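K.L.:
FYI, in my numbering the residues of the sequence shown are 13 to 704.
Glycine residues also receive a C-beta, built at the ideal position from the N, C-alpha and C atoms.
It should be emphasised that the depicted structure is a prediction, and the values quoted were computed from it without experimental measurement.
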Amino acid sequence: MRKSLSLGIVLALGAALAVGCDDGVDPADAGMDTGVTDPDGGTEDSGTGEDSGADEDSGTDMDGGPDDGGVMGDAGPPGGGAATSAQIQAVLDAADGAVDLMIDDAIVTYVKPAIGTELDGAGFFVQAEQMGPALFVGVDPTGLSPAVAPGQVVDLRVTTRTTDTDSGIVFASAIDMWNVDSEGVDVSILAQDVSAVDLVADLPLYFGELITLTATTETGFGFAGSGFSAAQITSAGFATADTSFRFRVPDSVLDGSQLGSGCTVQIGPTPLWQFSADAQPSAWRDGDYAITDCQEPAAGELVITEIGYNFAGSDADLEFIEIYNPSSSASFDLNGCRLADSAGFTGMDALDIASSLILGPGQYATIAGSMSEIMGDATLPAALEFEGSDAASIGCACTAGADCAVVVDTVDWSTMSFPAEMDDVSVQLDAAAVGTDGATTNDLLSLWCLTPDGETYGAMGRRGTPGAANPACSPPAVVRVNEINANITGGCDLVELRVVSGGSLAGFELRERTSTVLTFPLGFNVATNDLIVVHFDSGDTACTGGGAAPADEVLTPADQPALTFPTNYDGAFDFYSSDSGITSTDNVIWLRDPAGVVVEAVLISDDATGTAAGSSESAAADVAMAGEWTMVGGGVPAGGFVDDDFNAHAVQDSNATGSSASGESLQRNDDDDMNDRDDWIQGAQSFGAFNT
Numbered sequence: 013m014r015k016s017l018s019l020g021i022v023l024a025l026g027a028a029l030a031v032g033c034d035d036g037v038d039p040a041d042a043g044m045d046t047g048v049t050d051p052d053g054g055t056e057d058s059g060t061g062e063d064s065g066a067d068e069d070s071g072t073d074m075d076g077g078p079d080d081g082g083v084m085g086d087a088g089p090p091g092g093g094a095a096t097s098a099q100i101q102a103v104l105d106a107a108d109g110a111v112d113l114m115i116d117d118a119i120v121t122y123v124k125p126a127i128g129t130e131l132d133g134a135g136f137f138v139q140a141e142q143m144g145p146a147l148f149v150g151v152d153p154t155g156l157s158p159a160v161a162p163g164q165v166v167d168l169r170v171t172t173r174t175t176d177t178d179s180g181i182v183f184a185s186a187i188d189m190w191n192v193d194s195e196g197v198d199v200s201i202l203a204q205d206v207s208a209v210d211l212v213a214d215l216p217l218y219f220g221e222l223i224t225l226t227a228t229t230e231t232g233f234g235f236a237g238s239g240f241s242a243a244q245i246t247s248a249g250f251a252t253a254d255t256s257f258r259f260r261v262p263d264s265v266l267d268g269s270q271l272g273s274g275c276t277v278q279i280g281p282t283p284l285w286q287f288s289a290d291a292q293p294s295a296w297r298d299g300d301y302a303i304t305d306c307q308e309p310a311a312g313e314l315v316i317t318e319i320g321y322n323f324a325g326s327d328a329d330l331e332f333i334e335i336y337n338p339s340s341s342a343s344f345d346l347n348g349c350r351l352a353d354s355a356g357f358t359g360m361d362a363l364d365i366a367s368s369l370i371l372g373p374g375q376y377a378t379i380a381g382s383m384s385e386i387m388g389d390a391t392l393p394a395a396l397e398f399e400g401s402d403a404a405s406i407g408c409a410c411t412a413g414a415d416c417a418v419v420v421d422t423v424d425w426s427t428m429s430f431p432a433e434m435d436d437v438s439v440q441l442d443a444a445a446v447g448t449d450g451a452t453t454n455d456l457l458s459l460w461c462l463t464p465d466g467e468t469y470g471a472m473g474r475r476g477t478p479g480a481a482n483p484a485c486s487p488p489a490v491v492r493v494n495e496i497n498a499n500i501t502g503g504c505d506l507v508e509l510r511v512v513s514g515g516s517l518a519g520f521e522l523r524e525r526t527s528t529v530l531t532f533p534l535g536f537n538v539a540t541n542d543l544i545v546v547h548f549d550s551g552d553t554a555c556t557g558g559g560a561a562p563a564d565e566v567l568t569p570a571d572q573p574a575l576t577f578p579t580n581y582d583g584a585f586d587f588y589s590s591d592s593g594i595t596s597t598d599n600v601i602w603l604r605d606p607a608g609v610v611v612e613a614v615l616i617s618d619d620a621t622g623t624a625a626g627s628s629e630s631a632a633a634d635v636a637m638a639g640e641w642t643m644v645g646g647g648v649p650a651g652g653f654v655d656d657d658f659n660a661h662a663v664q665d666s667n668a669t670g671s672s673a674s675g676e677s678l679q680r681n682d683d684d685d686m687n688d689r690d691d692w693i694q695g696a697q698s699f700g701a702f703n704t
């Protein structure tokens, strides 16, 4: 079924011009060229049997629109029109395999870059009429001469017609003739606005044709073939989000873009792509789409992560606020939102954001003073100054002259102070606290710090990282597993860690086999030679001294003293895990940092031979790959730490230690860390104190 062509479209096509590039005699014209008998069956040419250099008949110029003298005289559109469409359709209707099918006077609508292999490699599309059909030519354009470019009117001969078995796409996979008749056609005259079309139901009618589409991204972008991502979209013609209708882009286009869920996008003009029965409007290049607007953020969906408010001399026009989008999928637009200080959203100095300011997933926006040396996304007016005791708030759903209905985020330092302040140094939220719950964690001013040394911006060398990820407020700590008892009655087992180099333990995970038994909280900082004791089975009162487990000690080892909580150790930070106890046969006790990197491990076992649990072997493979466990003298068994090789190279004997906290334990025997069993001995416990 062919689609109808409106009168307006016909007029638009009829007005198009192109520059002639043929050899001066085109017997395929419907009119008559100089020195060529006019075969026109209609009106004679101006009373003469010969043209005078300008083709004035009413036929359709089959060579691309211009007459042979280089002047467009026909009233018809560029390209071969219906005759060329019939040739394209003949290729689409042919059987797979060798063919000999000529296509004359087709218009190149789009040249697709090489992103991947097979159909995601390079190629180009041809079309002759706005309502199609179109053909994808899966031939590398760089191998053709003249070079392929959109707007050319071309002749080609298809020698192989192919149907891709995965995508269902019919395409020309080989050609053996290539001729450029003319160029410069405005291909937008072939583009159809298909916003109101159900492109999934009508996919066979539109594949490969040049389209424009207004759509809304309903999901984040996910995998859509090697090197590509796609998001489910809706439009006027397809109102319910579904995997069968997705906006597809190369990862190189997606990376660094503002694309995410919740945005209105204008796609095209680009050819419609498909995968099987799924319609995939596509943008292969940055310029193939435009975001016109995105959703406003709700409470907590954006996070204030850095504030520059304290400068030498006057702060006027130097201050800045950094805002972060922690979502991995959604985009937000601050257009119509408001930035305020402690005077609130109705304060006379509050800033109304009056133009589009879109934050894509994981992106930052900076609102900065005009003299700040920061290329901000919006300008912070001099009148809106943040003081040493103040607040910064973002509000949306704002009413002119009135309040904002949605408070997206607030950082308030009017009653409590940041940990420190210094001229020309911003304060920033610790990197470990910048997450999806950042709008809550940034209320804790203890999680803020001065920007570390070496992080500067602008010619003045002020310290800050506006528009970029914050570094950690403290460097990550270096810790060792120092002592273990996996054999205590009732699962009241203990693991002690020793700090080798002070810093932050926020986000570090203590793991047993393949399970995380404890994640250390935000803001937990330790000093060199601090000790941490992790108590297991916190739900058992026998493991907690008869009552509920005491609160974890995050400030000092004396937060919950042993006099009140007898299972605690006053010489260590005490933490409690709900894990029911350490398996005392074969096991791996290990640590990962917030990035998931293995930083410490020990293999333990109750026997020097025998089989090992699959989860123990899996964890052993991870720690061995990280270089955190080896055989004595170095290296890993040929088959890995598996069964006998696991047990033979593990610390012995995990079920021969004391059955109470006062009994013997497995413990490090010196300060060296050779990452093997010889680092360890069994002896009298010393939890909460240095090993003897």
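Can you tell me whether residue 130 is buried or exposed, with buried defined as 16 or more other CB within 10 angstroms of its CB?
P.N.:
On the sequence shown, residue 130 is found 118 positions in, with the first residue counted as 1. Under this definition residue 130 is an exposed residue.
K.L.:
With distances taken from CA atoms, which of 210, 433, 202 is nearest residue 252?
P.N.:
As a position in the sequence shown, residue 252 is number 240, starting the count at 1. For residue 252, the nearest C-alpha among the options comes from 210.
K.L.:
Please state whether the Cβ-Cβ distance between residue 281 and residue 226 is less than 8 Å.
P.N.:
If you number the sequence shown from 1, residue 281 lands on position 269. If you number the sequence shown from 1, residue 226 lands on position 214. Contact: no.
K.L.:
Go through the stretch 656-688 residue by residue and report every complete run of the beta strand (DSSP E) that reaches 3 residues or more, in order.
P.N.:
676-680
K.L.:
Identify every run of the beta strand (DSSP E) within the stretch 354-387, keeping only runs that are complete inside it and at least 3 residues long; order them along the chain.
P.N.:
376-380
K.L.:
Could you spell out where the alpha helix (DSSP H) holding residue 104 opens and where it closes?
P.N.:
Residue numbering aside, residue 104 sits at position 92 when the sequence shown is read from its first letter. Here the alpha helix (DSSP H) through residue 104 covers 93-105.
K.L.:
Just how far apart, CA to CA, sit residue 124 and residue 342?
P.N.:
Residue 124 sits at position 112 when you count from the first residue of the sequence shown. Residue 342 sits at position 330 when you count from the first residue of the sequence shown. Taking the straight line joining both Cα atoms gives about 28 Å.
K.L.:
Check this for me: beta carbons of residue 259 and residue 304, under 8 Å apart or not?
P.N.:
Along the sequence shown, read from residue 1 onward, the residue named residue 259 stands at position 247. Along the sequence shown, read from residue 1 onward, the residue named residue 304 stands at position 292. It is not a contact, given that the beta carbons lie outside the stated cut-off.
K.L.:
If distances are taken between C-alpha atoms only, which option among 541, 620, 599, 614 comes closest to residue 585?
P.N.:
Within the sequence shown, numbered from 1, the residue matching residue 585 stands at position 573. Out of 541, 620, 599, 614, 541 has the C-alpha closest to the C-alpha of residue 585.
K.L.:
Kindly indicate the opening and closing residues of the alpha helix (DSSP H) around residue 629.
P.N.:
Within the sequence shown, the letter at position 617 stands for residue 629. For residue 629, the enclosing alpha helix (DSSP H) starts and ends at 626-637.
K.L.:
Whose C-alpha, out of 119, 203, 373, is nearest the C-alpha of residue 196?
P.N.:
For the purposes of this step, residue 196 is taken as the residue at position 184 of the sequence shown. Nearest C-alpha to residue 196: 119.
K.L.:
Are the stretch 342-354 and the stretch 362-382 touching by the rule of at least three beta carbon pairs closer than 8 Å?
P.N.:
yes
K.L.:
With DSSP as the reference, label residue 488 as helix, strand or coil.
P.N.:
As a first step, residue 488 is located in the sequence shown; it is residue number 476 there, counting from the start. Reduced to three states, the DSSP call for residue 488 is strand.
K.L.:
Look up residue 535 in the DSSP assignment and say whether it is helix, strand or coil.
P.N.:
Reading the sequence shown from its first residue, position 523 is the one you call residue 535. Residue 535: coil per DSSP, three-state reduction.
K.L.:
Would residue 402 pass as a contact of residue 426 if the rule is Cβ separation under 8 Å?
P.N.:
By 1-based counting over the sequence shown, the position of residue 402 is 390. By 1-based counting over the sequence shown, the position of residue 426 is 414. Between residue 402 and residue 426, the CB-CB gap stays under 8 Å.
K.L.:
Alpha carbon to alpha carbon, how far is residue 621 from residue 534?
P.N.:
If you number the sequence shown from 1, residue 621 lands on position 609. If you number the sequence shown from 1, residue 534 lands on position 522. CA-CA distance, residue 621 to residue 534, rounds to 41 Å.
K.L.:
Taking just the CA atoms, how far does residue 530 sit from residue 588?
P.N.:
If you number the sequence shown from 1, residue 588 lands on position 576. If you number the sequence shown from 1, residue 530 lands on position 518. Taking the CA atoms as reference points, residue 588 sits about 8 Å from residue 530.
K.L.:
Is there contact between the stretch 325-336 and the stretch 382-393, where contact requires at least three CB pairs shorter than 8 Å?
P.N.:
yes
K.L.:
Alpha carbon to alpha carbon, how far is residue 137 from residue 191? Give it in angstroms, no decimals.
P.N.:
Mapped onto the sequence shown, residue 191 falls at position 179. Mapped onto the sequence shown, residue 137 falls at position 125. In a straight line, the C-alpha of residue 191 is about 15 Å away from that of residue 137.
K.L.:
Three-state secondary structure (DSSP) at residue 112?
P.N.:
The sequence position of residue 112 within the sequence shown is 100, counting from 1. Residue 112: strand per DSSP, three-state reduction.
K.L.:
Taking residue 264 as part of the beta strand (DSSP E), name the residues at either end of that continuous run.
P.N.:
Taking the sequence shown and counting its residues from 1, the one referred to as residue 264 is at position 252. It is not in any beta strand (DSSP E) - residue 264 instead sits in the alpha helix (DSSP H) that spans 263-266.
K.L.:
Indicate whether residue 8 and residue 292 have their beta-carbon atoms separated by less than 8 Å.
P.N.:
Absent from the structure is residue 8, since the part of the chain shown begins at 13 and ends at 704.
K.L.:
So what's residue 504 in DSSP terms, helix, strand or just coil?
P.N.:
Your numbering for residue 504 matches position 492 in the sequence shown. In the three-state reduction of the DSSP assignment, residue 504 falls in the coil class.
K.L.:
Please report the straight-line C-alpha distance between residue 442 and residue 408, rounded to a whole angstrom.
P.N.:
Here residue 442 corresponds to residue number 430 of the sequence shown, with the count starting at 1. Here residue 408 corresponds to residue number 396 of the sequence shown, with the count starting at 1. Each residue's alpha carbon lies about 25 Å from the other.
K.L.:
For residue 536, does the count of other Cβ atoms within 10 angstroms reach 16, so buried, or fall short, so exposed?
P.N.:
Counting from one through the sequence shown, the residue named residue 536 turns up at place 524. Counting Cβ neighbours within 10 Å, residue 536 comes out buried, since at least 16 surround it.
K.L.:
With a 10 Å radius around its C-beta and 16 neighbouring C-beta atoms as the bar for buried, classify residue 600 as buried or exposed.
P.N.:
In the sequence shown, residue 600 corresponds to position 588, counting from 1. Using a 10 angstroms sphere on the CB of residue 600, the tally of other CB atoms reaches 16 or more, which defines it as buried.
K.L.:
Any idea if residue 567 is buried or exposed, counting beta-carbon neighbours within 10 angstroms, 16 or more meaning buried?
P.N.:
Taking the sequence shown and counting its residues from 1, one reaches residue 567 at position 555. The residue is exposed, with fewer than 16 neighbouring Cβ atoms inside 10 Å.
K.L.:
Residue 75 by DSSP, collapsed to three states: which one?
P.N.:
Taking the sequence shown and counting its residues from 1, one reaches residue 75 at position 63. In this prediction, residue 75 has a pLDDT of 42, which is less than 50 and means its spatial position is unreliable; nothing more can be read from the coordinates.
K.L.:
Which whole-angstrom value describes the C-beta separation of residue 457 and residue 429, a residue pair presumed to lie in contact below a C-beta threshold of 8 Å?
P.N.:
Counting from 1 along the sequence shown, the entry for residue 457 is found at position 445. Counting from 1 along the sequence shown, the entry for residue 429 is found at position 417. With 8 Å as the limit, residue 457 and residue 429 qualify as a contact, their Cβ atoms being about 7 Å apart.
K.L.:
Which residue wins for smallest C-alpha separation from residue 246, given the options 208, 235, 221, 239?
P.N.:
Locating residue 246 in the sequence shown gives position 234, where the first residue counts as 1. It is 208 whose Cα lies nearest to the Cα of residue 246.
K.L.:
Figure out for me which residue from 215, 174, 186, 543 has the closest Cα to the Cα of residue 506.
P.N.:
The residue given as residue 506 occupies position 494 in the sequence shown. The residue with the shortest Cα to Cα distance from residue 506 is 543.
K.L.:
Could you give the C-beta distance for residue 170 and residue 111, rounded to a whole number, given that I count them as a contact under 8 Å?
P.N.:
Along the sequence shown, one-based indexing puts residue 170 at 158. Along the sequence shown, one-based indexing puts residue 111 at 99. Rounded, the Cβ-Cβ distance is 6 Å, consistent with contact.
K.L.:
Are the CB atoms of residue 519 and residue 538 within a distance shorter than 8 Å?
P.N.:
As a first step, residue 538 must be located in the sequence shown, where it is residue number 526. As a first step, residue 519 must be located in the sequence shown, where it is residue number 507. Not closer than 8 Å, so no.
K.L.:
Would you call residue 56 buried or exposed, if buried means 16 or more other Cβ atoms sit within 10 Å of its Cβ?
P.N.:
For the purposes of this step, residue 56 is taken as residue 44 along the sequence shown, with counting starting at 1. At residue 56 the pLDDT is 38, less than 50, meaning the model places this residue with poor confidence; the figure from the coordinates comes in the next sentence. With fewer than 16 other Cβ atoms within 10 Å, it is exposed.
K.L.:
Which complete alpha helix (DSSP H) runs does the stretch 392-444 hold, if anything under 4 residues is left out?
P.N.:
none
K.L.:
Note down, in chain order, each residue of its chain lying with its Cβ closer than 7 Å to the Cβ of residue 295, except the 5 sequence neighbours on either side.
P.N.:
Here residue 295 refers to the residue found at position 283 when the sequence shown is read from its first residue. So the list reads 261, 265, 279, 282, 301, once near-sequence residues are dropped.
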